[in-house]
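What follows is one structure encoded as structure tokens, with my remarks underneath.
Residue numbers (the numbering used here), protein chains in the order written: chain A, 10 to 292; chain B, 14 to 310.
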């Protein structure tokens, strides 16, 4: 019994050490954003400094390029928020619509079209990157949010997930009953199906939003104007600029760019983790 | 087909219209460009058709070969670390005799890095690993682990290792959750039967748990392989916008593709790189899939 307890405490100690190592980069990031450049250069300590406000002012001052058009990190937040929320809404609505179309109706070519969706789920995005860039060049939609937002109408994985959800939790009798009551097909979808799909929509929306918020290579390639940059691209852009001359300001900018996700995770962690667990077992 | 079923087409049409334009067409356009000498100016359809020339160039390109080797090294170290760490954690937390507490807290901490904006993570580590002013060297020096600063990102081996470790940090929590869920999904009967037969912990692990986890391990390895072979953001940002780190040790295949297209404007060649990369991913995913199923006793 005693031996088992010792082993148990050793395991706890190892786990705590691993957790600490896991959190250390975050600690370095947050603590260093409160310290001045000279303090950071001198070495790392776990005690926070007093230069947070100074770092913030310096960061904002150096981000404010092109005559005040570019209002620093808050504009980055705004851009990222506009993009990520549009992507989430479009992807949720049209994926639900498409999944329901596949679920509720029989039509020619249905199987083939669904197989195309399955295949496209597995194709790496790099394959289309250059063609995608050229397409947007031809459409004159480069340096706009169209290439970042409109393609989310067609998100194969979300359609696949929502169709599985419909198959496992929807009863065809619900649709039949609504039809007998004389409801039109579109209003059945909007008034009955969509509300019933909310759990699946919520799950996918969290991951879609975070994915869109974090996405890097496509906005890097299609957006040229700094005032249109979403946060991740803005972060890369800062590196070469004046903000990076002050390490504290740079750490602060990095902290601010990940803060929304850390805060969201605090509230949603149980939900997010159980979604991953559930998804993996089915696969 | 009754008239109501035409709604099926109506409901799926927005998806397929957008999908054809932004999803499928670019893939074929990339394919077309890979047969031309298109340089990114004007229209790809006005560029010269060069047949398989770009692919022949790819096959003999020693820089692409280096990118291929770099990508594998970085991914290989990462998957071994990530998988072993996740497996150990999953086994510890699912051990009925140990009954460890704090699962949800540890799981949340281990998983947190996975949600972070990768470009911010890359920048963060660029500063943490900095040779002169980095927080890591600062910490290690202070407590006497090292006597002089280590140039983590300045030497090929430590630079690659750093990226592998960052990838492990980002992904082991995710893999842990998946493997843990997999172990929970195994019927308790198997473990009881093994216990009745007098199997010890190691025997139970190697003869019962591991074989039953095989489908999930394959899933983890293949998804990690597909993602890992497309590694871009961290090497790109950590090596000063794609310069590729010391001796080009951080040039991954997608970074090479990006540089060919957006730095040197060789769109035709870069498209061939994209298709080469796709072929590599396809072949190795199939090898992993076949190889792991063949081992079955």
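C-beta atoms are modelled at their ideal positions from N, C-alpha and C, and glycine is treated no differently.
Given residue i as reference, the closest of the options once Cα atoms are compared
i: residue 156(B); options: 45(A), 255(A), 52(A), 11(A); result: 52(A)
i: residue 30(A); options: 305(B), 47(B), 152(B); result: 152(B)
i: residue 261(B); options: 134(B), 116(B), 80(B), 282(B); result: 80(B)
i: residue 290(B); options: 278(B), 238(B), 301(B); result: 238(B)
i: residue 58(A); options: 260(A), 113(A), 141(A), 213(A); result: 260(A)
i: residue 124(A); options: 253(A), 146(A), 165(A); result: 165(A)
i: residue 166(B); options: 302(B), 57(B), 258(B); result: 258(B)
i: residue 228(B); options: 134(B), 95(B), 306(B), 123(B); result: 306(B)
i: residue 138(A); options: 272(B), 303(B), 304(B), 300(B); result: 272(B)
i: residue 91(A); options: 226(A), 238(A), 112(A); result: 238(A)
i: residue 95(B); options: 154(B), 109(B), 127(B); result: 127(B)
i: residue 161(B); options: 147(B), 116(B), 174(B); result: 147(B)
i: residue 279(B); options: 71(B), 37(B), 26(B); result: 71(B)
i: residue 56(B); options: 118(A), 132(A), 146(A); result: 146(A)
i: residue 58(B); options: 68(B), 69(B), 43(B); result: 43(B)
i: residue 236(A); options: 64(A), 50(A), 48(A), 88(A); result: 88(A)
i: residue 200(A); options: 255(A), 70(A), 40(A), 105(A); result: 105(A)
i: residue 174(A); options: 183(A), 207(A), 154(A); result: 207(A)
CB of residue i within 8 Å of CB of residue j, strictly
i: residue 121(B); j: residue 189(B); result: no
i: residue 196(B); j: residue 226(B); result: yes
i: residue 168(A); j: residue 219(B); result: no
i: residue 281(B); j: residue 60(B); result: yes
i: residue 222(A); j: residue 130(B); result: yes
i: residue 86(A); j: residue 240(A); result: yes
i: residue 268(B); j: residue 251(B); result: no
i: residue 281(A); j: residue 274(A); result: yes
i: residue 64(B); j: residue 123(B); result: no
i: residue 278(A); j: residue 38(A); result: no
i: residue 257(A); j: residue 49(A); result: yes
i: residue 25(B); j: residue 122(A); result: yes
i: residue 185(A); j: residue 18(B); result: no
i: residue 112(A); j: residue 172(A); result: yes
i: residue 242(B); j: residue 300(B); result: no
Any chain B beta carbon closer than 8 Å to residue i
i: residue 241(A); result: yes
i: residue 290(A); result: Confidence at residue 290(A) is low in this model, with a pLDDT of 47, below 50, so its placement is unreliable and the value that follows should be read with caution. So yes, residue 290(A) belongs to the interface.
i: residue 279(A); result: yes
i: residue 266(A); result: yes
i: residue 41(A); result: yes
i: residue 168(A); result: yes
i: residue 163(A); result: yes
i: residue 263(A); result: yes
i: residue 191(A); result: no
i: residue 28(A); result: yes
i: residue 139(A); result: yes
i: residue 22(A); result: no
i: residue 223(A); result: yes
i: residue 15(A); result: no
i: residue 76(A); result: In this predicted model, residue 76(A) has a pLDDT of only 44, less than 50, meaning its place in the structure is not dependable enough to derive any value.
i: residue 274(A); result: yes
i: residue 203(A); result: no
i: residue 233(A); result: no
i: residue 133(A); result: yes
Beta carbon proximity, residue i to chain A, threshold 8 Å
i: residue 70(B); result: no
i: residue 122(B); result: yes
i: residue 241(B); result: no
i: residue 282(B); result: no
i: residue 311(B); result: Any answer about residue 311(B) is impossible in this case: the structure gives chain B only from 14 up to 310.
i: residue 97(B); result: no
i: residue 292(B); result: no
i: residue 17(B); result: yes
i: residue 182(B); result: yes
i: residue 231(B); result: no
i: residue 141(B); result: yes
i: residue 155(B); result: yes
i: residue 299(B); result: no
i: residue 203(B); result: no
i: residue 46(B); result: yes
i: residue 130(B); result: yes
Assumed close pair residue i, residue j - CB separation to whole angstroms, cut-off 8 Å
i: residue 244(A); j: residue 262(A); result: 7 Å
i: residue 176(B); j: residue 34(B); result: With 8 Å as the limit, residue 176(B) and residue 34(B) do not qualify as a contact, their Cβ atoms being about 35 Å apart.
i: residue 105(B); j: residue 20(A); result: 6 Å
i: residue 97(A); j: residue 217(A); result: 5 Å
i: residue 91(B); j: residue 171(B); result: Incorrect: roughly 15 Å between the Cβ atoms, too far for contact.
i: residue 101(A); j: residue 214(A); result: 5 Å
Identity of the residues DSSP links to residue i by a beta bridge
i: residue 62(B); result: 49(B)
Residue i: CB within 7 Å of a non-hydrogen atom of the ligand ZN
i: residue 133(B); result: Ligands displayed in this structure: none; no statement on the ligand ZN is therefore possible.
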